[in-house]
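These notes concern the structure reproduced below.
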Amino acid sequence: MPNAKDDMESIPHRFLAVGPIGTGKSTQAITLPGKKFAYFFDPSGPRAVKGYDIDYEEFTPTKLNVTVTARPKKENESLDMPPTPTQRITAFAYAKWEEHFMRSLDDGFFDQYDTIIFDSITTFADIGMDDVLARAGRTQYPPEIGDYNVIKLQLSRTLRVLCALNKTLWVTGHTMFRQQQDTHKLLNEILITGDLQTRGPLLFSSVFLFDYEVTATGKKFYIQSVIDKFNLNLKSDIRNIKPKEEVTVTDWNESVIGKQGIGRLIAKDVR
C-alpha cells in the first residue's frame, strides 16, 4: 500500500486557477513542465498559448439560437419538446467534446501527456447548458432550475474524472463578487452552480486566486492561496508557498517552462 513517506513526485499537482478575466490564468499553463494537452472552451484560449508546444482541441459554439423569450409554464404542461435537427446541430459543442473525452478515456489518449489543461469551467458550463436545452427542445426559452442541477452534475462528474487521471491538472475558472441572500455577506464566488462552489475545490490540491497590479514597469501578476473574508475556498499543498506569490513571467521563451510563474513554484516543492 502507498505510504506518505514515499516519493511524492509520483503524486501530481491538481490546480484550480480562478479569478477575473485578464489575470493570466490561461497563460500560466505554459510554465508547467512536461508534455501538455488542452481542452479550450474559451475562444481566447488558443491565442493565450500561441507559439508553445501544447496539443489542444477547441470546442466552442458556432451558431446558436439568440432569440430567447420567456414562456410561463401552464398547469399540467411540460416545457420539454422534441428537439429539432437544427437545434441539435447548432448546439453541437458539448456533444462533440463529450465524444472526444469519452473516446480518449477508453483508448488511452491521455497516457502520452503529463499535464491536462481545461480552460475554462465557466464556458464549459455554458456549452453544457446549450446542449441541455437543445436536447429538451427549449433553446428559445431560459433554463429551468432543473437544468442547472443537470449542469452541476455534469461538471462534478467531469472534474472527478479529470482528477482521477494521474496527470498534472490545470483547470481555470472565473469569479464574481456576490451578496449572499441570507447573510448579506459579500463573497468572491467561483462562477459554478450551487454547492459545487465548495465541492469543486475539494478535488484539487491547490486553488489559486489570480490578480494583477499595474506598475510603472508594466503589469505584475499574483496568486493568493490563503482564504480571507471574501475568498473561502483557497488553498495550496506546495511547501513554503507564501500567502501571496508573484508569478509574473518576464521572459516568454523556452526557459519559462519550470523556471517562471507556477512552474517555478512547482520546481521548488521538493519533499
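Residue numbers in the sequence shown follow the numbering used here, run continuously in steps of one, and reach 1111 at the last position. From the three backbone atoms N, C-alpha and C, an ideal C-beta is built for every residue, glycine too.
Quiz item: Under the DSSP definition of a beta bridge, which residues are partnered with R1018?
Solution: L1027
Quiz item: Do the segment 974 to 989 and the segment 942 to 960 touch if we need at least three Cβ pairs shorter than 8 Å?
Solution: Using a Cβ-Cβ distance cut-off of 8 Å, the segment 974 to 989 and the segment 942 to 960 are not in contact, since fewer than three pairs of beta carbons, one from each stretch, lie closer than that value.
Exercise. Measure the CB-CB distance between P1083 and Q1064 and report whether it falls below 8 Å.
Key: Yes, the Cβ-Cβ distance between P1083 and Q1064 is below 8 Å.
Quiz item: In this structure, does DSSP put R1079 in helix, strand or coil?
Solution: For R1079, the three-state secondary structure derived from DSSP is coil.
Quiz prompt | Whether I991 touches P901 by CB criterion (8 Å) | solution = no
Practice problem: Please work out which residues of its chain come closer than 7 Å, Cβ to Cβ, to R1018, disregarding the five sequence neighbours upstream and downstream, and give them in chain order. | Solution: Around R1018, the same chain offers L1027, E1029 as residues with beta carbons nearer than 7 Å, after the five sequence neighbours per side are excluded.
Quiz prompt | Meets three-Cβ-pair contact criterion under 8 Å: the segment 997 to 1013 and the segment 1040 to 1057 | solution = As far as the Cβ criterion goes, the segment 997 to 1013 touches the segment 1040 to 1057, which means the pair count is three or higher.
Exercise. Provide the residue(s) that pair with K936 in DSSP beta bridges, ordered along the chain.
Key: According to DSSP, K936 bridges with nothing at all.
Quiz prompt | Anticipated Cβ contact below 8 Å, I1078 with K1007, distance rounded | solution = Between K1007 and I1078 the Cβ distance is about 17 Å, and since that is not below 8 Å, they are no contact.
Quiz prompt | Cβ-Cβ separation, H1014 to P860 (assumed contact under 8 Å), whole Å | solution = 7 Å
Self-check item: Reference V972; option with closest CA among F932, F1070, I894, W1092
Solution: Among F932, F1070, I894, W1092, the Cα nearest to that of V972 belongs to F932.
Quiz item: Is the CB-CB distance between F1070 and A857 below 8 Å?
Solution: no
Quiz prompt | Nearest candidate by alpha-carbon position, reference I1102, set V1047, M841, L872 | solution = L872
Practice problem: Determine the direct distance from the alpha carbon of K875 to that of P886, and round the result to whole angstroms. | Solution: Approximately 16 Å, taken between the alpha carbons.
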